[in-house]
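*Asks:*
Set out below in structure tokens:
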């Protein structure tokens, strides 16, 4: 598995060249965040998280939020979590960053789940859904599946970068 191979796989999947940002943390190899704009959707994908087990990259998909200052850094923090904190990134994991994911965002955490991107060369992909502090509390109390069911029941568009917090019942 090479990061160049993963990048090529993502480029083939999305059919466009990404914009990229590189974020470095002390004691950790740089994490790149690739931005693929496809129609009205923007996909932010980590590149470098897969260096550590369980060898996954993280994908955050949104309707174009416009300028999202700080989002690349938040994605890199999430991707560096296995190396920095020893937290394994797996489906249904809740990763709370404790601060807005980008300037002005109501979201402070990400809920991980399956991604539509096919695995490549022993590297998997996880979808990261931005969630509010209220939704994160709900996930801790009731679980990830209950949160997803509440979104579906209430017709919540989790791709909307400006959506309000869901009010699960």
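Numbering (the working numbering), first residue to last: 4 to 172.
The beta-carbon is built from N, C-alpha and C at its ideal position, and this holds for glycine as well.
Values in this document were obtained by computation on a predicted structure and should not be read as measured data.
#1: Select from 16, 141, 42, 6 the residue whose C-alpha is nearest the C-alpha of residue 112.
#2: Which residues bound the beta strand (DSSP E) around residue 126?
#3: In or out: residue 60 buried (at least 16 other Cβ within 10 Å) or exposed?
#4: Mind checking who residue 40 pairs with in its DSSP beta bridge?
#5: Starting from the Cα of residue 2, find the closest Cα among 58, 122, 155, 74 and give me that residue.
#6: State buried or exposed for residue 65, treating a residue as buried only when at least 16 other CB atoms are found within 10 Å of its CB.
#7: Using the Cα positions of residue 119 and residue 29, report the straight-line distance between them to the nearest angstrom.
#8: Is it buried or exposed for residue 56, if we count other Cβ within 10 angstroms and need 16 for buried?
#9: Go to residue 99, then tell me how far its beta strand (DSSP E) extends in each direction, as first and last residue.
#10: Are at least three pairs of beta-carbons, each pair with one atom in the segment 17–33 and one in the segment 73–88, less than 8 Å apart?
*Replies:* This is what the structure gives:
#1: 141
#2: Looking at the DSSP string, residue 126 is not in any beta strand (DSSP E), and its letter there is neither H nor E.
#3: buried
#4: In DSSP, residue 40 forms a bridge with 45.
#5: It is not possible to answer for residue 2, since the shown part of the chain is limited to 4 through 172.
#6: buried
#7: 32 Å
#8: exposed
#9: 97–99
#10: yes
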